[in-house]
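Have a look at the structure below before the remarks.
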Amino acid sequence: MLMNKIITLLCVAAIFLFVACESSEPVENESGGLSIYLSLPPALSVDTRAGSIGGVSINDVWVVQFDADGKMLHAVCYGSDKISDFGTSGALVQVETGNFSDVSGTFRIIVNFGESQSQLVAFSKNTNAQKVDLEGIVISYSNYKSQQNYLVSDDIEFKGTDASGKAVLLAGLSYAYSWIDVKWTNKVASPARFTLQSITAYNLPESFALESRAGTTVGAYPAADQITNTYPVDTDATDNGLSVNGTYTFYMPENLRGVGCGKSFQEKNLNAYGPKADGKVPALGGDGKPETGGDLSKCTYIDLVGSYWYSYSSAAPTATSPISVRYRLYLGGNLVNDYNVRRGYHYTITVQISGANSGDVRVTITNGNVVVFDKVETIDKVVDF
């Protein structure tokens with residue numbers, strides 16, 4: 007038997023992982039044991055690297071073994087009844103396992119997708135399954151509000167057990183989705199007043215693959231017909247609106263639309279300067295403008311909708327009426343021309359609202375003629391956004 011147990015060590019502070027394995031077909035050359043050391047990503051963002059994510063629960067673990075040619079040898083899921091916690095953070099965690107093949111190849115670890123996840127179950131029963139079949143599995147995603155803790159590993163190289171019949175694999179896990187925090191600060195000076203009533207995310211993918219891009223390497227991903235969803239991140243229709251300095255969070259699958267040709271924050275909101283439908287950069291003409299139009303129709307963006315009073319008095323709050331404004335911000339790797347929302351990253355967007363700016367193309371006034379958003383500031387994060 008290659009393994010009677012897989013031993014997983016909680017290797018960093020606060021949050022760490024445990025897995026196991028078993029055979030799905032007859033095996034040969036079995037002996038000894040295998041230890042897999044897994045660690046969660048310390049955080050999705052630099053800003054929270056101290057561990058504020060915390061407390062990730064491990065409910066189930068799929069362990070998949072491939073031979074050197076990418077053929078699936080075994081794919082087994084272990085539930086919570088196979089995971090025994092022997093202590094607090096840093097303690098040894100043991101998972102009861104079965105038999106795996108003592109041959110060179112790779113492992114993949116997939117966490118919190120469920121023991122009965124239909125595509126994984128079907129994959130595990132397919133005796134001709136290849137690694138590309140696993141990478142191409144696409145799973146529905148609609149809970150943008152809650153962190154699902156879907157975790158995946160890259161290929162973990164396995165060269166077989168040593169002379170003592172033992173082997174140790176080091177496996178780092180990453181999140182299979184993106185995390186977006188939206189913050190706003192109010193710098194509008196009295197007697198003017200601004201309140202934010204809603205934050206909404208648009209062009210959200212309805213599914214994600216186990217592997218980034220479903221194993222492909224180029225082009226826009228996912229397909230345009232898979233980007234259909236809208237999510238109301240938060241709303242408060244009262245005059246006071248959403249809390250200033252609050253954090254409004256949602257989670258989403260990756261949406262890789264490519265890079266445009268804009269050279270300013272304002273141009274990022276112009277359709278002609280966006281990436282083409284295939285993700286490529288539009289060519290610029292001699293006048294510096296795109297020769298062929300871009301396409302922002304499937305790029306992820308957020309709308310912030312609020313109310314602005316030119317002059318407001320708390321003593322007579324109904325004396326003047328506000329105008330409605332909508333601020334649109336396209337997400338991506340930077341504030342100028344990148345429209346890729348990548349899995350495994352934490353994007354923190356801080357919007358500072360400070361006054362009128364009638365030249366800002368990012369803002370639409372629905373019942374007035376001034377723009378009340380002055381600028382957007384960002385904080386450091388893994389991607390320079």
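Per my numbering, the sequence shown starts with residue 7, numbered consecutively. Glycine included, every Cβ here is placed at the ideal spot set by N, Cα and C. Remember, it's a predicted structure, so these values are computed and weren't measured experimentally.
Taking G294 as the reference, which of E273, C305, D160 and T306 has the closest Cα?
-> Working through the sequence shown from its first residue, we reach residue 294 at position 288. If we check each option's Cα against that of G294, E273 comes out closest.
Just the C-alpha distance for R199 and V70, rounded to the nearest angstrom, thanks.
-> Within the sequence shown, residue 199 is the residue found at index 193, counting from 1. Within the sequence shown, residue 70 is the residue found at index 64, counting from 1. Their backbone Cα atoms lie some 57 Å apart in a straight line.
Taking just the CA atoms, how far does N343 sit from N246?
-> Mapped onto the sequence shown, residue 246 falls at position 240. Mapped onto the sequence shown, residue 343 falls at position 337. The straight-line gap from Cα to Cα measures roughly 34 Å.
Does the distance from the CB of C83 to the CB of E121 come in under 8 Å?
-> Here residue 83 is taken as the residue at index 77 of the sequence shown, counted from 1. Here residue 121 is taken as the residue at index 115 of the sequence shown, counted from 1. Cβ atoms of C83 and E121: closer than 8 Å.
With a threshold of 16 other CB atoms inside 10 Å of the CB of K304, please say whether the residue is buried or exposed.
-> In the sequence shown, counting from the first residue as 1, residue 304 sits at position 298. Buried: at least 16 other Cβ atoms inside 10 Å.
What distance in whole Å lies between the Cβ atoms of L310 and V357, which are believed to be in contact at a cut-off of 8 Å?
-> Reading the sequence shown from its first residue, position 351 is the one you call residue 357. Reading the sequence shown from its first residue, position 304 is the one you call residue 310. Correct: roughly 6 Å between the Cβ atoms.
State buried or exposed for G225, treating a residue as buried only when at least 16 other CB atoms are found within 10 Å of its CB.
-> Numbered from its first residue, the sequence shown carries residue 225 at position 219. Burial call: exposed.
From V109 to A283, what does the alpha carbon distance come to, in whole angstroms?
-> Within the sequence shown, residue 109 is the residue found at index 103, counting from 1. Within the sequence shown, residue 283 is the residue found at index 277, counting from 1. Cα to Cα, the separation comes out at about 44 Å.
DSSP state of K193, grouped into three classes?
-> Here residue 193 is taken as the residue at index 187 of the sequence shown, counted from 1. Of the three classes helix, strand and coil, the one that applies to K193 here is coil, per DSSP.
Quick one: is V138 buried, meaning 16 or more other Cβ sit within 10 Å of its Cβ, or exposed?
-> Here residue 138 refers to the residue found at position 132 of the sequence shown. With fewer than 16 other beta carbons inside 10 angstroms of its own, V138 counts as exposed.
Opposing strand residues paired with F113 [DSSP bridges] | One-based indexing of the sequence shown puts residue 113 at position 107. Bridge pairing for F113: Q71 and I162 [DSSP].
In angstroms, rounded to a whole number, what distance separates the CA positions of A135 and R334?
-> For the purposes of this step, residue 135 is identified with residue 129 of the sequence shown, where counting begins at 1. For the purposes of this step, residue 334 is identified with residue 328 of the sequence shown, where counting begins at 1. Answer to the nearest angstrom: the Cα atoms are 44 Å apart.
Which of the three DSSP states, helix, strand or coil, is assigned to D87?
-> Numbered from its first residue, the sequence shown carries residue 87 at position 81. Helix at D87.
Run the CB neighbour count on E297, radius 10 Å, all protein chains shown included, and call it buried at 16 or more, exposed below.
-> Along the sequence shown, read from residue 1 onward, the residue named residue 297 stands at position 291. E297 is exposed by the Cβ-count criterion.
If you run the structure through DSSP and keep just helix, strand and coil, what is A278?
-> As a working mapping, residue 278 is identified with position 272 in the sequence shown. Collapsing the DSSP output to three states places A278 in a helix.
Three-state secondary structure assigned by DSSP to G178 | In the sequence shown, residue 178 corresponds to position 172, counting from 1. The DSSP-derived three-state label of G178 is strand.
Those residues which DSSP pairs with I233 across a bridge | Locating residue 233 in the sequence shown gives position 227, where the first residue counts as 1. I233 pairs with P211.
Rounded separation between L262 and E217 - CA only = For the purposes of this step, residue 262 is taken as residue 256 along the sequence shown, with counting starting at 1. For the purposes of this step, residue 217 is taken as residue 211 along the sequence shown, with counting starting at 1. Distance between the alpha carbons of L262 and E217 is about 13 Å.
Taking buried to mean at least 16 other C-beta atoms within 10 Å of its own C-beta, is N277 buried or exposed?
-> To locate residue 277, count along the sequence shown from 1; it is residue 271. That one is exposed.
For V224, which of helix, strand or coil comes out of DSSP?
-> In the sequence shown, the residue the question calls residue 224 occupies position 218. In the three-state reduction of the DSSP assignment, V224 falls in the coil class, being assigned neither a helical nor a strand state.
Any chance the CB of I329 is under 7 Å from a heavy atom of the ligand ATP?
-> Judged by which ligands are present, the structure shown has none, so any question about the ligand ATP falls away.
Rounded distance between the beta-carbons of T112 and E163, thought under 8 Å = Along the sequence shown, one-based indexing puts residue 163 at 157. Along the sequence shown, one-based indexing puts residue 112 at 106. Contact between E163 and T112 holds, with the beta-carbon distance rounding to 6 Å and staying under 8 Å.
Residue burial classification, N132 (beta-carbon count within 10 angstroms, cutoff 16) = Within the sequence shown, numbered from 1, the residue matching residue 132 stands at position 126. Counting the other Cβ atoms within 10 Å of the Cβ of N132 gives fewer than 16, which makes it exposed.
Give the DSSP bridge partners of Q136, in chain order.
-> Translated into the one-based positions of the sequence shown, residue 136 becomes position 130. Beta-bridge pairing by DSSP links Q136 to K77.
From which residue to which residue does the beta strand (DSSP E) around Q358 run?
-> Stepping through the sequence shown from its first residue, residue 358 is reached at position 352. H352 to I359 is the extent of the beta strand (DSSP E) around Q358.
S249 at chain C interface by Cβ criterion, 8 Å | Absent from the structure is chain C; it holds one protein chain and no more.
Alpha-carbon spacing of S124 relative to T354, whole angstroms | Stepping through the sequence shown from its first residue, residue 124 is reached at position 118. Stepping through the sequence shown from its first residue, residue 354 is reached at position 348. Going from the Cα of S124 to the Cα of T354 covers about 34 Å.
So what does DSSP say about S313, is it helix, strand or coil?
-> Reading the sequence shown from its first residue, position 307 is the one you call residue 313. It is a strand residue.
Just reading off the alpha helix (DSSP H) that F129 is part of, what are its end residues?
-> Reading the sequence shown from its first residue, position 123 is the one you call residue 129. DSSP places F129 in the uninterrupted alpha helix (DSSP H) bounded by S124 to K131.
Residue of T206, A229, P211 and P228 minimising C-alpha distance to D242 = If you number the sequence shown from 1, residue 242 lands on position 236. A check of alpha carbon separations from D242 across T206, A229, P211 and P228 identifies T206 as the nearest.
Going along the chain, which residues of its own chain have a beta-carbon closer than 6 Å to the beta-carbon of I233, five neighbours each way excluded?
-> Within the sequence shown, residue 233 is the residue found at index 227, counting from 1. Closer than 6 Å at Cβ, skipping near neighbours: N209, P211 and K304.
Roughly how many angstroms lie between the CA atoms of V265 and T306, to the nearest whole one?
-> Counting from 1 along the sequence shown, the entry for residue 265 is found at position 259. Counting from 1 along the sequence shown, the entry for residue 306 is found at position 300. Between V265 and T306, the alpha-carbon positions lie close to 13 Å from each other.
In whole angstroms, what separates the C-alpha of P197 from that of S213?
-> Reading the sequence shown from its first residue, position 191 is the one you call residue 197. Reading the sequence shown from its first residue, position 207 is the one you call residue 213. Approximately 46 Å between the Cα atoms of the pair.
Helix, strand or coil at Q272 [DSSP, three-state] = For this step, residue 272 is matched to residue 266 along the sequence shown. Correct three-state label for Q272: helix.
Y237: which of L248, Y254, G221 and P228 sits nearest, CA to CA?
-> Within the sequence shown, numbered from 1, the residue matching residue 237 stands at position 231. Comparing Cα-Cα distances from Y237 to each of L248, Y254, G221 and P228, the minimum goes to Y254.
Who are the Cβ neighbours of T94 in its own chain at under 8 Å, not counting the five residues just before and after it?
-> As a working mapping, residue 94 is identified with position 88 in the sequence shown. Note on T94: pLDDT 44, under 50, position unreliable in the model; no value is reported.
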